[in-house]
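Input: a single structure, listed below in structure tokens.
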Amino acid sequence: MADATLLIENHFLIFQGGHIIFFQSLSLLGYCLFPIDIGALICMLKDSVMVKMVVVTALAWSSWAAYPFMSTDVNTRRKALALYPVLLMYISVDFLIMAID
-3 MADATLLIEN HFLIFQGGHI IFFQSLSLLG YCLFPIDIGA LICMLKDSVM
47 VKMVVVTALA WSSWAAYPFM STDVNTRRKA LALYPVLLMY ISVDFLIMAI
97 D
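Letter by letter, the sequence shown follows residues -3 to 97 in my numbering.
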């Protein structure tokens, strides 16, 4: 929860007066984490390299789902800056799933 809060605060600073609500951003991050959750459930049921690829695919899906939401109000020069912390959070969750399994 703390990492999501810091991520949203970073997003507020990048927007510099954008029209985004804190709980809307938190809900969005939870929505975009759903494919990674499904990948974690599949990874718990079976352990193989092919299943690990499902988790990596879920990471790509989550990042792709977050892109339109996180980059709509950001200046074109700052889109990568807005998406970089989101991608880092998703990668860290993805590596935790693979490390625990």
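Ideal Cβ positions, reconstructed from N, Cα and C, are used throughout, including at glycine.
| Query | Result |
| --- | --- |
| For M85, the nearest candidate out of F19, L25 and S21 (CA to CA) | L25 |
| Nearest-angstrom Cα separation, counted from L29 out to I96 | 17 Å |
| Backbone CA spacing between I34 and R73 [nearest angstrom] | 33 Å |
| Rounded straight-line distance, which links the Cα of A61 to that of S21 | 13 Å |
| Straight-line gap, V70 to L55 (C-alpha atoms, nearest Å) | 22 Å |
| Cβ-based burial, S44 [other Cβ within 10 Å; buried from 16] | exposed |
| Same chain, Cβ closer than 8 Å to C39, neighbours up to 5 away in sequence not counted | V47, K48, V50, V51, I93, M94 and D97 |
| Length at least 4, wholly inside the segment 50 to 93: the alpha helix (DSSP H) runs in chain order | none |
| Proximity to A78 [Cα-Cα], best of I87, S88, Y63 and V89 | Y63 |
| Rounded separation between L37 and K75 - CA only | 31 Å |
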